[in-house]
Amino acid sequence: DWVFKIVNPDETQHFAGCFYVGLPPKISSMKKFLLTIVLFISLAVRSFADEGMWLPLLLGQQVYNDMVKKGLKLTKEQLYNVNKASLKDAIIIFGGGCTGEIVSAEGLIFTNHHCGYDAIASASTMDHNYLKDGFYAKNKAEEIRTNLSVQFLLRIDDVTKEVMDSLKGLSGAERVQKQNAVLAAINKRMSDADKNIETRVSALFKGNQFLAFVYQRYFDVRLVGTPPESVGKFGGDTDNWEWPRHTGDFSVFRVYTKPDGSPAKRDEATEGNIPMKPKWYLPVSLKPLKDGDFSMIWGYPGGTNRYESSYGIKLATDINNPTLVSLRDVRLKYMFEEMKKDPAIKLQLASSYAGIANYWKFFDGETKQLLKYDIYGQKKAAEEKFNAWAKGKPEYENLFADWGKAYDAWRPYAKVRMYMNEGIFGSPLIGFAASLMQLENLLLKPGTPQADIKKAMDAATNQRKGFLEDENKASDQNIVAAVTRMFYENVDKEQHPIGFYGAVKDKYGPLNDDATYKKYAADLFSNTMIFDDAKWAAFAANPDALKLQDDPAFSHASAFLKNYNSKYAPYFQQFNAKNAEFGRLYLKGIMEMDPVKAKMMYPDATFTMRVSYGNVKSYRPRDAVFYDYVTTSKGLLEKYKAGDYEFDLPAKQIELLKKKDFGQYMDPTRKDLVIGFITTNDITGGNSGSPVLNNKGELIGLAFDGNYEALSHKLAFDKDLNRTICVDIRYVLWCIDKLGGGSNIIKELKLMK
């Protein structure tokens, strides 16, 4: 599922800047270099069929001409226009890391079920379990307030010259610090809190270009409708990243404004707010699809690294990906054991479980595809060609030798970092306990004002409340026991927290015995004040550093985090800076080496608005296997298993489908209800909920997944096997209308027949 998680708005910039550290071009060639950047975007043509996530602001004439050649009927001005309403005004950032689209004149939003999942789960109770049973508001008064927000893109400004001018003569850490300060200043200058306007500068082409994306955020977003989870997640983890697919992955929301059309503030009263009157909304197509039809996808792809080095590919396949998969496997195992026991626990853990499972399967598949197609070898061949060109050029001739040294220096510590992120802090309890280190720092700092301590303590108490609501102790205790042993066995002993495992052995038993870690975890969970209201209240009334340090959960988190931060975080920071600098130089060199190729390059995804185009298309994944471009209710019924955790369906749906009660949503060529379809479009995480449009800009489906055969797409696009999996909009409407009884929602839409 195409979710790109952002914990807070600032992380958008952090992600965009992962690879932008680097030496500036020579001042004498600056103007020429920047012109090259603009030209290779504006004149770009695709290097492979359907590859590319293009910036709508800089959609060059050749790219647009190719779109028209494939069948597009809209003008460039209809696609993107700053001064007039255009298609881009219907595309939104939904929540923290998804895409949504406006589909009615009253601010109705379509997005994926998994994008709305947390809001749906939060609105659900055991008495009104919308996650299990589904929900459709019969009128606007029944729509449910959420904690979601949406963002509309107002415009994109090129600020490359301003940033580059400020970085002249700088390199290394000094350049990074200056660049961060400059971007922060631009963001602040171009934002307006009074109008909910936020600006985030994104670094493109590994820091060779900088664009400022200006958004307006709306906080009053309400749940309008959702199918039952059995529809929205049909196929579960078994079908995740797989085609054929029969998942009704959609949900419906609405954005509200003040009566004057302006956005409400966060936590502002919403009484009297009205449905938004959007600048543009998407008409909805009921027309049948044909193999080869034009398809266009707009949205916010979260991140790719298509210009990664061979060193990065090898680190991913050797260490990072396998470690992540093994640690998530353990977390999922213990969560699932508890979810099977009790519907209430399933509801409690559902959102967290879905997020962990999603990329567990992704990174497993990515590794297999990278190895299968020898992406490492392909990268090496390209780098050898670059090295031959770079001989005699001081700026580039030692680039890969130095880059290799940077990876050699970091590689011994890569696993411990993965174990911290995916193992130690894979436990919700330990993650919360680690957050208390901020409080500890204040308590240990001489002269800290009591007001600051009280503020931090109140924040921790509030955070604890949310943690306890989401916490399932049984699964978490097993996770702590398992990952603590895995860390001991799989991470270099020299990198263990000093004295930690010796203390565990002395008190609980042999370090090669599961029973030891189970006793340790049980003791930790039984004695931490985090689960004890009386102990927590006493501590909150009189915060004391020694009491905090004596808490077993805090002690556990602190031992691992301080060990990592003091010894290995500096190595990672050094590696990250060097890796980014070398990556930027490599990309700069590629553009100098082959200007023709430069014109065919597109920027990596950075959770900024992009458009991709391609075709509805069948494919052959391997010898003697053919996959059709659509799935139908016939296949849905074939997969259906009554009572199954992943393949159950509502009884009403089975009845309607068996009667072939498809209504106006029936496909006239198939004489069936089409459930999903595939396209060749280039998308990635963050495109969840993205609209899939036909050549007239009409909505034909929602993108929600990719196919297993091309899971290397973040690092390498497969021009033959890449497919985007979409839920057909006719199935979405059938679920709303026929299955859910939400005919009032259908009446809002502009249906194209």
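Quick note on numbering: our numbering labels position 547 of the sequence shown as 574, and the sequence is numbered without any gaps.
For every residue, glycine included, the Cβ atom is placed at its ideal position computed from N, Cα and C.
Q504 lies in the alpha helix (DSSP H); which residues open and close that run?
500-517
Would you give the residue range spanned by the alpha helix (DSSP H) that Q691 belongs to?
Per DSSP, Q691 belongs to no alpha helix (DSSP H) and is neither H nor E.
Under a Cβ-count criterion, where at least 16 other Cβ atoms within 10 Å of its own Cβ denotes burial, should R647 be classed as buried or exposed?
exposed
Given A548, which residues of its chain have a CB within under 8 Å of its CB, disregarding the five upstream and five downstream residues?
Q504, N505, V507, A508, T511
Touching by the beta-carbon criterion (3+ pairs, under 8 Å), the segment 692-712 and the segment 227-234
no
Taking R216 as part of the alpha helix (DSSP H), name the residues at either end of that continuous run.
199-216
Quick one, which of T344, D192, V90 has its alpha-carbon nearest K395's?
T344
Touching by the beta-carbon criterion (3+ pairs, under 8 Å), the segment 205-220 and the segment 119-133:
no
Can you give, in chain order, each stretch of the beta strand (DSSP E) that sits fully within the segment 118-193 and has at least 3 residues?
118-121, 125-129, 135-138, 177-185
With distance defined between alpha-carbon atoms, name the residue in S218, F389, E225 nearest to S176.
E225
Secondary structure at V95, three-state DSSP: helix, strand or coil?
helix
Length of the line joining the Cα atoms of M204 and S770
It should be noted that the sequence gives Gln, not Met, for residue 204. Their Cα atoms are separated by approximately 55 Å.
Closest to D264 by CA distance: which of L180, D391, L495, G199 is it?
D391
Can you give me the Cβ contacts of D571 inside the same chain, cut-off strictly under 8 Å, excluding the 5 residues immediately before and after it?
L470
On the CB-based measure, 16 or more other CB atoms within 10 Å of its CB, does K765 come out buried or exposed?
buried
In whole angstroms, give me the CA-to-CA distance for G767 and L676.
13 Å
DSSP three-state call for S74: helix, strand or coil?
Note that S74 scores a pLDDT of 38, beneath 50, so its modelled location is shaky and nothing firm can be said.
For N722, collect the residues of the same chain with a Cβ closer than 6 Å to its Cβ; drop the 5 residues on either side in sequence, then sort them by chain order.
G98, L99, K100, F321
How many Å lie between G319 and D655 at the Cα?
12 Å
Over the uninterrupted beta strand (DSSP E) stretch that includes W325, give me the two end residues.
321-326
Who are the Cβ neighbours of Y446 in its own chain at under 6 Å, not counting the five residues just before and after it?
F514, V518
Three or more C-beta pairs under 8 Å: does that hold for the segment 579-593 against the segment 549-566?
yes
Is N347 helix, strand or coil by DSSP?
helix
To which residues of the same chain is K780 closer than 6 Å at the C-beta, ignoring the five residues directly before and after it?
L313
So, at 6 Å on beta carbons, what are the nonlocal neighbours of N108 in its own chain, with the 5 sequence-adjacent residues on each side left out?
none
If distances are taken between C-alpha atoms only, which option among A220, P254, L181 comes closest to C142?
P254
Less than 8 Å between the C-beta atoms of F261 and G275, yes or no?
yes
Which residues DSSP lists as bridging D219, in chain order
I224
Count the other CB atoms, across all protein chains shown, that sit within 10 Å of the CB of Q206; report buried if there are 16 or more and exposed otherwise.
buried
Return yes when the Cβ of A433 is within less than 8 Å of the Cβ of F602, no when it is not.
yes
N653 classed as buried or exposed, judged by whether at least 16 other C-beta atoms fall within 10 angstroms
A small correction: the amino acid at residue 653 is Phe; Asn does not occupy that position in the sequence shown. When all chains shown are included, F653 counts as exposed.
Grouping DSSP H, G and I as helix and E and B as strand, with all else coil, what is L397?
helix
Using the C-alpha atoms, what's the distance from V443 back to Q522?
7 Å
Which listed residue (D688, Y672, E673) has its alpha carbon closest to that of K679:
D688
Same chain only: Cβ atoms within 6 Å of V638, ignoring 5 sequence neighbours per side:
W81, P83, W325
Specify the secondary structure class of R235 as computed by DSSP and reduced to three states.
The amino acid at residue 235 is misidentified as Arg; the sequence shows Asn. Coil.
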